[in-house]
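Here the protein sequences line up with chains A and B, keeping their order. Reading the first sequence from the start, the letters are residues 660 to 809 in the working numbering. Reading the second sequence from the start, the letters are residues 660 to 809 in the working numbering. For each residue, glycine too, the CB sits at the ideal point set by N, CA and C. Following: one structure in structure tokens, then a few remarks.
2 protein chains.
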Amino acid sequence: MLVTEVNQIVDNQLFQKFVRFITAVHENSKEMTKGIQLESVTPVQYRILEYIYVSEPVTISQISECIDMSMPNMSRELKKLTEKQLCEKITDVHDRRKQYISLSEKGRGMMDQAFREIEVRFMGLMGSLTEEERAEVERALEVLQSKVFR
Amino acid sequence: MLVTEVNQIVDNQLFQKFVRFITAVHENSKEMTKGIQLESVTPVQYRILEYIYVSEPVTISQISECIDMSMPNMSRELKKLTEKQLCEKITDVHDRRKQYISLSEKGRGMMDQAFREIEVRFMGLMGSLTEEERAEVERALEVLQSKVFR
DNA sequence: CCGCTTACTTGTCATTTGATAACTAAAAGG
DNA sequence: CCTTTTAGTTATCAAATGACAAGTAAGCGG
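Structure, rendered in structure tokens:
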């Protein structure tokens, strides 16, 4: 058996693990955020708010690109969110074409609460681990974050 | 400062890392599967096929539960997929109410191709790592899979 | 100043998805 | 048998999302 063939097999197993992992992460985070949806906010709108929450202030083009939705449609959704008083538009002082979006008091409060709920569920998971295990988890997060996901 | 307060801070940082990680995984897997959508298959339909692919044969109720879509709607989508010749229904011999779903030749071929494309992208990432780093990644996947995600 | 590009908005339409009510057919349990 | 439960289907309707055409208004490069 050639070395390249061995590598192929090793890599293939790694890929299988990777696929199973991605699936698990998706199921898990869906499970964790289940029932969070507050206030007549649609799934897409929730994702938008989540993105603004971690990246604000952002322009509409940026959100549009990251959420992978066309500008017209993103504009429409942001209008709805603004009408619901969950976010605000602020025109750039130096380039008045640009609109910076950030969460309103209400929007931030809502997202804070959502994240607190997620945190509670996360802590529930972590609670049953020993100190060393938690350190291991932290290390694993760092490894994957630096070497695989970005 | 009390020990519990220290723990609180540690845990909070861990949670921040966790959130960033989840976000990165989502962005990354969206990036990886971007452009995979073949053959007039909608996003939901792709998810259904993916689920069938890894779990076949499954009943319609099972799919319905895992994808979190009501039976009537799932029935409708599966009908469409069956019409597109991507999957097949087989009635259970012992309980003729049950319908087992599995991918057709065409459907399996399509999903094989999709996964191969994802694998290529994954290998592209792994290619720039050393052997030890890859082992580290593998270990990290295992740790998180066993301790956090299920 | 003028044409070009960028950032975004408005409006419209088709498709997808979600929700619900009413149905059939088969099993399961007295 | 006969009721109840389970598994799935069909039909209908509303809402969410996607795609696109045409618009405005501000910067930018000469």
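- Less than 8 Å separates the beta-carbon of Ile719 of chain B from that of Leu737 of chain B.
- By the neighbour-count criterion, in which 16 or more other beta carbons inside 10 Å mark a residue as buried, Ala773 of chain A falls on the buried side.
- As far as DSSP is concerned, Lys757 of chain B takes part in no beta bridge.
- For Glu790 of chain A, the enclosing alpha helix (DSSP H) starts and ends at 790 to 806.
- Listed in chain order, the beta strand (DSSP E) runs fully inside the region 677 to 751 of chain A are 746 to 750, counting runs of at least 3 residues.
- Contacts with chain A at 8 Å (Cβ-Cβ) include Val807 of chain B.
- DSSP places Arg775 of chain A in the uninterrupted alpha helix (DSSP H) bounded by 764 to 786.
- For the region 712 to 737 of chain A, residues whose beta-carbon sits nearer than 9 Å to a beta-carbon of chain B comprise Val713, Cys725, Asp727.
- Proximity of chain A to Val703 of chain B at the Cβ level (cut-off 8 Å) is not reached, the minimal Cβ distance being about 12 Å.
- Excluding its 5 nearest sequence neighbours in each direction, Ile749 of chain A has C-beta neighbours in its own chain below 6 Å: Tyr759, listed in chain order.
- Residue burial annotation: Val802 of chain A is buried, with at least 16 other C-beta atoms found within 10 angstroms of its C-beta.
- Leaving aside the five residues that flank Met691 of chain B on each side, the residues in its chain whose CB is nearer than 6 Å to its CB run, in chain order, Ile777, Arg780.
- At a cut-off of 8 Å between C-beta atoms, Gln744 of chain A does not count as an interface residue with respect to chain B.
- Sequence-distant Cβ neighbours of Asn732 of chain B in its own chain, meaning closer than 7 Å and more than five residues away, do not exist here.
- With the criterion set as a beta carbon lying under 9 Å from some beta carbon of chain A, the members of the region 671 to 683 of chain B are Asn671, Gln672, Leu673, Phe674, Lys676, Phe677, Val678, Arg679, Phe680, Ile681, Thr682, Ala683, in sequence order.
- Beta-carbon to beta-carbon, Ile711 of chain B and Val717 of chain B are separated by about 6 Å, close enough to satisfy the 8 Å threshold.
- Neighbours of Val796 of chain A across chain B, judged by C-beta separation under 8 Å: Leu673, Val802, Leu803, Lys806, Val807.
- Scanning B:Ala799, B:Glu792, B:Leu788 for the CA closest to the CA of Arg793 of chain A turns up B:Ala799.
- Under the 10 Å beta carbon count, Met730 of chain B is surrounded by fewer than 16 other beta carbons and is classified as exposed.
- Sequence-distant Cβ neighbours of Leu788 of chain B in its own chain, meaning closer than 8 Å and more than five residues away, are Val796.
- Cβ-Cβ separation between Leu762 of chain A and Glu791 of chain A: approximately 38 Å, too far for a contact (criterion under 8 Å).
- Across the region 778 to 795 of chain A, CB contacts with chain B closer than 8 Å involve Glu778, Phe781, Met782, Leu784, Met785, Leu788, Glu792, Arg793, Glu795, in sequence order along the chain.
- Excluding residues up to 5 positions away in sequence, Leu708, Ile711, Leu737, Leu740, Ile760, Ser761, Leu762, Ser763, Gly766 lie with their Cβ nearer than 8 Å to the Cβ of Cys746 of chain B in the same chain.
- Among the CB atoms of chain B, none fall inside 8 Å of the CB of Ala773 of chain A.
- Taking the C-beta atoms as reference points, Val684 of chain B is found no nearer than 8 Å to Phe674 of chain A.
- Here the alpha carbons of Arg775 of chain A and Asn671 of chain A stand approximately 38 Å from one another.
- Residue environment analysis places Val752 of chain B among the exposed positions, since fewer than 16 neighbouring C-beta atoms fall within 10 angstroms of its C-beta.
- When the alpha-carbon of Gln704 of chain A is set against those of A:Met785, A:Met770, A:Gln804, the nearest one is in A:Met770.
- At least one beta carbon of chain B lies nearer than 8 Å to the beta carbon of Ser688 of chain A.
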